[in-house]
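Read the structure below first, then the notes.
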Amino acid sequence: MAITRNRDLPSRAVIVLVAAGILTQISYPLTSGEALRAVTVISVLLLTSAGLLHAALRWNIPRAMVLFLVAGGIGLLAETVGVKTGYPFGEYLYTERLGLQLVGVPVLVPIAWTMIAYPALLLGRRLATGADGTPNRLRTILFGGITLASWDLYLDPQMIAQDAWRFADPTPNLPGVPGIPLTNYAGWVLVSLVMIAALDRALPVRPTRRADWEWPAAAVLAWTWIGSAVGNLVFFGRPWVALYGGLVMGLTVLPYLRRLAAATRAEQDALAAASGPAPGGQDDPDGVGAASAQNGGER
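Oh and the sequence shown: position 135 is 135 in the UniProt record's numbering, straight run, nothing missing.
Below, the structure is given as structure tokens:
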């Protein structure tokens with residue numbers, strides 16, 4: 001990762017946290033009961049911690065706190081209103097399955113919103129970046145919001161099966177996915193767009209030297225997209241969930257991974273060219289500024 005030497009250890013910690021979170025989730029199909037709940041809680045805490053540390057390195061610790069307060073706060077507010085009024089998700093309630101609750105909402109829930117909201121914001125900004133190197137705000141909100149909302153195509157079936165929450169009237173529902181009303185998905189789209197819009201306002205766009213610095217956050221999205229599809233198809237017997245989630249989440253995650261990979265390759269090529277036998281005095285000694293802008297770099 002292209003960060004200063006004094007940040008080398010924390011940057012490695014981000015990678016370790018992401019890897020630990022993914023490995024914990026891999027054990028999900030092999031557990032049940034209290035072990036399953038522990039896997040759920042631990043994986044969310046690990047991946048959210050990775051995102052917050054990544055944000056602290058990208059900006060600073062106060063900005064990472066802003067990330068958590070905005071994403072977690074909007075998530076908690078939406079869930080509290082949802083539990084009390086039935087809007088915007090539909091009438092539902094949480095069981096005791098996810099542990100400690102605050103105003104009827106498990107504390108883990110706003111943390112989980114933060115876990116995916118942060119990489120979804122980075123995705124939105126990269127896909128929304130034009131040739132001038134500046135991300136378009138509306139497209140950032142659209143791409144990031146769709147990505148965050150598409151996660152629920154996997155999440156709700158998983159949590160309903162785990163009896164983490166229940167809907168009073170789970171109809172009408174998606175074909176092949178019982179137990180979850182269509183209003184829930186509509187509510188997720190609304191809340192996700194609002195959350196990404198708020199995060200985009202709260203967290204400034206700032207230049208970074210290398211695209212490869214973004215890969216830990218991208219890995220969380222890639223794993224969520226592919227791992228959830230495989231898990232639902234192979235282990236959980238939910239082929240329709242795998243189909244819906246794989247298709248919709250893939251609409252943004254796949255182009256994001258391709259664009260990030262292209263930016264990484266371009267920057268590596270530029271660095272290789274800059275390190276070759278060439279006269280000194282270059283304006284861009286790292287050789288990455290133009291390559292980053294051309295490949296949608298944030299930044």
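All C-beta atoms, glycine included, are put in the ideal place defined by N, C-alpha and C.
Following the DSSP letters along the chain, one finds Trp165 in no alpha helix (DSSP H) but inside the beta strand (DSSP E) bounded by residues Trp165 to Phe167. Contact between Pro216 and His54 holds: their C-beta atoms lie close to 6 Å from each other, under 8 Å. Counting only residues of its own chain and dropping the five nearest sequence neighbours on each side, Pro29 has a CB closer than 6 Å to the CB of Phe235.
Counting only runs that start and end inside the segment 224-285, the alpha helix (DSSP H) elements of at least 4 residues fall at 239-274. Straight-line spacing of the CA atoms in Gly130 and Arg137 works out to 11 Å. Contact check for Ala117 against Met195 passes: the beta carbons are separated by less than 9 Å. Taking 8 Å as the upper bound for CB-CB distance, Ala164 and Leu98 are in contact here, some 5 Å apart.
The secondary-structure analysis by DSSP pairs Gln101 across a beta bridge with Pro106. Using a 10 angstroms sphere on the CB of Glu79, the tally of other CB atoms reaches 16 or more, which defines it as buried. When the alpha-carbon of Leu142 is set against those of Met249, Thr95 and Val16, the nearest one is in Met249. When rounded, the separation of the alpha-carbon atoms in Asn232 and Ala274 is 46 Å. Annotation for Leu148: Ile116, Ala117, Ala120 and Ser192 place their beta carbon closer than 6 Å to its own, counting only its chain and skipping 5 residues before and after.
A residue is called buried once 16 or more other Cβ atoms fall within 10 Å of its Cβ, and Pro170 is buried on that count. For Asn173, the pairing in a beta bridge is given by DSSP as Pro181.
Counting only the Cα atoms, Gly144 lies some 8 Å from Arg125.
In terms of Cβ geometry, Leu47 and Val18 form a close pair [threshold 9 Å]. In this structure, Trp151 is the residue among Gly21, Trp151, Val103 and Asn184 with its C-alpha nearest to the C-alpha of Leu251. Taking the CA atoms as reference points, Gly246 sits about 29 Å from Glu34. If you keep only unbroken beta strand (DSSP E) runs of at least 3 residues inside the segment 122-159, you get nothing at all. The beta carbon of Val253 sits closer than 6 Å to the beta carbons of Leu221 and Trp225 from its chain, once the five residues preceding and following it are set aside; these are given in chain order. Look at Leu199 here: in three-state DSSP terms it is helix.
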